[in-house]
Amino acid sequence: MKLNRRAFIGTAAAGAATLSAPRVMGQDSGRPRVVVIGGGSGGATAARYIAKDSNGAIDVTLIEPTRAYYTCYFSNLYIGGFREMDSLGHSYGTLAGSYGINVLHDWATGVDRDARTVTTAGGYTLGYDRLILSPGIDFVDGAVPGWDISAQDRMPHAYKAGSQTELLKAQIEAMPEGGTYAMVAPPNPYRCPPGPYERVSMVAHLLSEINPTAKILIADPKQNFSKQALFEDGWRNNYAGMIERIGPDFGGDDVEVDPEAMTLSIGGAVENVDVCNVIPAMKAGRIAEIAGVTEGNWAPVNATDLSSTMDENVHVLGDSAAQGDMPKSGFAANSQAKVCANAVRGALTGSSVFPARFANTCWSLIDTDNGVKVGATYEATEEKIAKVDGFISDTGESAEVRAATYRESIGWYDGITADMFG
Amino acid sequence: MIRRALLPAVILAGLGSSAAAQVGGDPDRGEALFQSDCASCHQVGQGARNRVGPHLNGIFDRRAGAIEGFRYSEDMMLRADAGLKWTFETLDRYIENPRVFVSRTRMNYAGMADAEDRADLLAYLRLFSADPADIPEAAPTAAAVDHSVDPEILAIVGDPAYGEYLSGECTSCHQESGAANGIPSITNWPEDVFVTAMHAYKEGVRQHNVMQMTASRLSNEEIAALAAYFATVE
Chain G
3 MKLNRRAFIG TAAAGAATLS APRVMGQDSG RPRVVVIGGG SGGATAARYI AKDSNGAIDV
63 TLIEPTRAYY TCYFSNLYIG GFREMDSLGH SYGTLAGSYG INVLHDWATG VDRDARTVTT
123 AGGYTLGYDR LILSPGIDFV DGAVPGWDIS AQDRMPHAYK AGSQTELLKA QIEAMPEGGT
183 YAMVAPPNPY RCPPGPYERV SMVAHLLSEI NPTAKILIAD PKQNFSKQAL FEDGWRNNYA
243 GMIERIGPDF GGDDVEVDPE AMTLSIGGAV ENVDVCNVIP AMKAGRIAEI AGVTEGNWAP
303 VNATDLSSTM DENVHVLGDS AAQGDMPKSG FAANSQAKVC ANAVRGALTG SSVFPARFAN
363 TCWSLIDTDN GVKVGATYEA TEEKIAKVDG FISDTGESAE VRAATYRESI GWYDGITADM
423 FG
Chain Z
1046 MIRRALLPAV ILAGLGSSAA AQVGGDPDRG EALFQSDCAS CHQVGQGARN RVGPHLNGIF
1106 DRRAGAIEGF RYSEDMMLRA DAGLKWTFET LDRYIENPRV FVSRTRMNYA GMADAEDRAD
1166 LLAYLRLFSA DPADIPEAAP TAAAVDHSVD PEILAIVGDP AYGEYLSGEC TSCHQESGAA
1226 NGIPSITNWP EDVFVTAMHA YKEGVRQHNV MQMTASRLSN EEIAALAAYF ATVE
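Chains as they are written, first to last, in the numbering used here: chain G, 3 to 424; chain Z, 1046 to 1279.
Shown next, in the form of structure tokens:
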């Protein structure tokens, strides 16, 4: 019997349970049990709201492999030199210490929906009354010919923040004078629709400071992309001549890479590149597939409570969910988590359940003090989460408005991370 | 800016990038600055009351965080406990960049960079502090309300429990702790101020795309519920 007590940073009660019953653990008898897999914008928010609003009436366990969580949002700003990596890192100490959540740093490797249990790589088995899956994204195997996850050190995706982001920035800084940064952009749907284009903006900002004759080449399988007019306007005004985007009409949907040779082939034409940022097609985080709640690449859910269409005791939040009109964003996952938390709490304790309402806003930085945003509100219908209303920044906005939008995005970052981690 | 940077070079020398305001500003100009930058949250003058921010009568030489009945941020109370007192110098530094001086202040104000502006503003506020017994017989500065709401809407009593659920839509951006950093604090506002602000967004009188979108689908009862909830958040 091997106990890995350090994996748990939860409450004293959880520790005691570990000692008496090491392999079926962490949970009191009597209280309803919620297990949350994934400690990002969806999972951390759901765990916190269920624990906070139920005042301890529900036993909440959060399974998340990393002790320090780095947000994907604002990681492009690290590349641009506007944020330190440390400022994007968050720990789970408050969720465990102040909210009584059992935080288990481990990989969830199995879900038995009949027995209602989750098993982990560390050897634990946890029972649940409700399971909330919020595992983010994984990449579709073979999506970019020549690339697989073993090539991520030579051709980083940097689409999960942390060491990948640092690697990508280091590679860009080490580019030869006048060299080429290439991006293979992903097909829809994918995490953070404006993300690749904000990244291009931030790479251009960095290069214009340290390597102004360098080039940026984007191979894009999509005809159009999020905030396109705003980005293209910003690129013309701030990074003239630096950025070239090749869409599907010119082979942007027909790419192949060779990580050893550092080449990128677009529509058959082979380019030598110095940095190749491959962002492959995405799918739901693997545990959703293991749990058997996916259909194709994503997990379909009901709009009213984010419950799986295949199992009313399993909910799927954020990037992994096929829910309708909301983009795959941290803001959206946070919004969905609060609706889900309210519904789960109501089902397990009889507390009031209020009608679902959702919102999203995505801020992007184009250049210093040049922020833009897009947002919408959503409601639950029988078929899906449906868009109600929305807005987008204008191309003709004043510098003051753009600077205010950037300041607002910094406030939002502080707000959402406080909402997630307490 | 360039004009000022050239003329008082002697005064600025040695002070680095941020210059301190000089005592002796123009109170008339200060009044205009107060109206444009401060009056949406603060009142000053005869009968001034606490609103989103505390009233500012007698602020000079007062200990920080000392007005009865106003709930200050935790950081402001820490500074108060450490002995912070409002003088020309401390007010000057606070107004120049509030979050540098009191890091998690609820005052959502980016700061007044120009030393001459600050001198003028403080000259105006000084009129209401010279001697606590000698506050000018002026009406309190009206809060810069940009909108008037039907009294029947203001009279709706909100359900704080529903407001707490609805608040999830707010706390993706506005911090429950009241800390403000680019996005304003919305905790502990007088309920009528909260309701008025939300209706101003809802009717498009106040400009902000996210807030207009958010407010547009909130009913009168929902706005009242949010006001009731946020008025009580510790």
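Quick reminder that beta carbons are idealized off the backbone N, C-alpha and C, glycines included.
Straight-line measurement puts the Cα of H1244(Z) at about 38 Å from the Cα of T1132(Z). Along the region 1063-1081 of chain Z, none of the residues has a CB nearer than 8 Å to a CB of chain G.
In the structure shown, the three-state DSSP call for T121(G) is strand. In this structure, DSSP gives E1236(Z) a helical state, which the three-state scheme calls helix. For R193(G), the closest of F423(G), A401(G), G124(G) and K330(G) by C-alpha to C-alpha distance is K330(G). Interface annotation for the region 1248-1268 of chain Z against chain G: N1254, V1255, Q1257, M1258, T1259, S1261 and R1262, criterion Cβ-Cβ distance under 8 Å. Linking G332(G) to S43(G) through their CA atoms gives a straight-line distance of about 5 Å. Of the residues L350(G), N344(G), R132(G) and A46(G), the one whose Cα lies closest to the Cα of L1211(Z) is N344(G).
Taking each of F1239(Z), N1233(Z) and T1216(Z) in turn and checking the Cα distance to I1201(Z), the smallest one comes out for F1239(Z). By the 16-neighbour rule on beta-carbons within 10 angstroms, E314(G) is exposed. For N336(G), the number of other beta carbons within 10 angstroms of its own is at least 16, and it is reported as buried. Under DSSP, Y72(G) shares a beta bridge with G91(G).
With a threshold of 7 Å between beta carbons, A221(G) makes no contact with chain Z. Under the 7 Å criterion on CB atoms, C1218(Z) is classed as interfacial with respect to chain G. For S77(G), no pairing in a beta bridge is given by DSSP. Using a CB distance below 8 Å, the part of the region 1140-1155 of chain Z facing chain G consists of A1155, ordered along the chain.
By the Cβ neighbour-count rule, V202(G) is buried, with 16 or more other Cβ atoms within 10 Å of its own. For F393(G), the nearest beta carbon of chain Z is closer than 7 Å to its own beta carbon. Closest by C-alpha distance to L128(G), out of G99(G), L266(G), Y408(G) and V38(G), is V38(G). Of all C-beta pairs linking the region 274-285 of chain G to the region 180-188 of chain G, three or more are shorter than 8 Å, placing the two stretches in contact.
By the rule that beta-carbons nearer than 7 Å mark a contact, F356(G) touches chain Z. In this chain, the alpha helix (DSSP H) harbouring T351(G) covers G332 to T351. Against chain G, the CB of Y1210(Z) has a partner CB under 7 Å away; the residue lies at that interface. Our two residues, R238(G) and D55(G), have alpha carbons roughly 49 Å apart in a direct line. A direct Cα-Cα distance of roughly 9 Å separates D108(G) from G125(G). Assigned with DSSP and collapsed to three states, H1087(Z) falls in coil, not helix or strand. Around the Cβ of V272(G), a 10 Å sphere holds fewer than 16 other Cβ atoms; the residue is exposed. Around the CB of Q325(G), 16 or more other CB atoms lie within 10 Å, so the residue is classed as buried.
Contact annotation: Y1169(Z) and G1092(Z) have beta-carbon atoms that are not nearer than 7 Å. Shown in chain order are the members of the region 314-347 of chain G whose Cβ falls below 7 Å from a Cβ of chain Z: F333, N336, S337, K340 and N344.
Within the model, the alpha-carbon separation for L79(G) versus A334(G) is close to 20 Å.
With contacts defined as CB atoms closer than 7 Å, T363(G) and V1255(Z) qualify as a contacting pair. A Cβ-Cβ distance of about 20 Å is found for the pair P196(G) and S322(G), leaving them out of contact under the 8 Å criterion. Taking 7 Å as the CB threshold, G1227(Z) lines the interface with chain G.
Partner residues in the beta bridge of G392(G), as assigned by DSSP, are A378(G).
A49(G) does not reach chain Z, its nearest Cβ partner there being about 14 Å away, counting only Cβ pairs nearer than 8 Å.
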